[in-house]
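Chemist: I'd like to ask some things about the structure below.
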Amino acid sequence: MTTASDTPVLDTLAAMTLDSVERCGLSADHLVLTRIAALVAMDAPEISYVAHIGAGTEVGVTADQVQDVLVAIAPVVGTARVMAAATRMTKALGFAIAVADTEKGTGAGA
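By the count of numbering that gives the first Met the number 0, the sequence shown reaches residue 109 at its end, each step adding exactly one.
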């Protein structure tokens, strides 16, 4: 039996992610870029990108690399999906920056 948690969904997602990382032979930056491509393909919401932006920056993924991924997958997933994903990534990045600023005490509400 599993231990009770206040965040069972997040705990499950974290466990699934850890298991995937441990079993994957990709480098950390390629893993993040591959996941971003998958998020675009499935028309994921902003929060999904928030979860990967931080991980991407921690492993050295650049904006140019993300842009290259979008260019590479556009013929497969379509222009509309890529543009929607780019918009969602921009919103997610803005959210991540706002949270970081608030945590540092430099945000607008600080």
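Here a beta-carbon is modelled for each residue, glycine too, at the ideal position from N, C-alpha and C.
The alpha helix (DSSP H) with V39 in it runs from where to where?
Modeler: Within the sequence shown, the letter at position 40 stands for residue 39. Where V39 is concerned, the enclosing alpha helix (DSSP H) stretches over A27 to A40.
Chemist: Compare the C-alpha of H51 against each of M82, A14 and D28 and name the closest.
Modeler: Residue mapping note: residue 51 aligns to position 52 of the sequence shown, counting from 1. The option with the nearest alpha carbon to H51 is D28.
Chemist: Going by other Cβ atoms of all chains shown within 10 Å of its Cβ, with 16 needed for buried, is G55 buried or exposed?
Modeler: Mapped onto the sequence shown, residue 55 falls at position 56. Buried is the call here.
Chemist: Are the region 65–75 and the region 32–39 in contact at 8 Å, needing three or more beta carbon pairs?
Modeler: Touching, yes, given that three or more Cβ pairs across the two stretches are closer than 8 Å.
Chemist: Counting only the same chain and skipping the five closest in sequence on each side, list residues whose C-beta sits under 7 Å from that of V76.
Modeler: Here residue 76 corresponds to residue number 77 of the sequence shown, with the count starting at 1. Excluding positions up to five away in sequence, the list reads V39 and A40.
Chemist: What's the C-alpha gap between A91 and T16?
Modeler: For the purposes of this step, residue 91 is taken as the residue at position 92 of the sequence shown. For the purposes of this step, residue 16 is taken as the residue at position 17 of the sequence shown. Cα to Cα, the separation comes out at about 20 Å.
Chemist: Between R22 and L30, what straight-line distance do the alpha-carbon atoms span, to the nearest angstrom?
Modeler: The residue labelled residue 22 in the question sits at position 23 within the sequence shown. The residue labelled residue 30 in the question sits at position 31 within the sequence shown. Near 11 Å, if we compare the C-alpha coordinates of L30 and R22.
Chemist: Buried or exposed: which applies to S47, given that a residue is buried once 16 or more other Cβ atoms fall within 10 Å of its Cβ?
Modeler: Looking up residue 47 in the sequence shown gives position 48. S47 is buried by the Cβ-count criterion.
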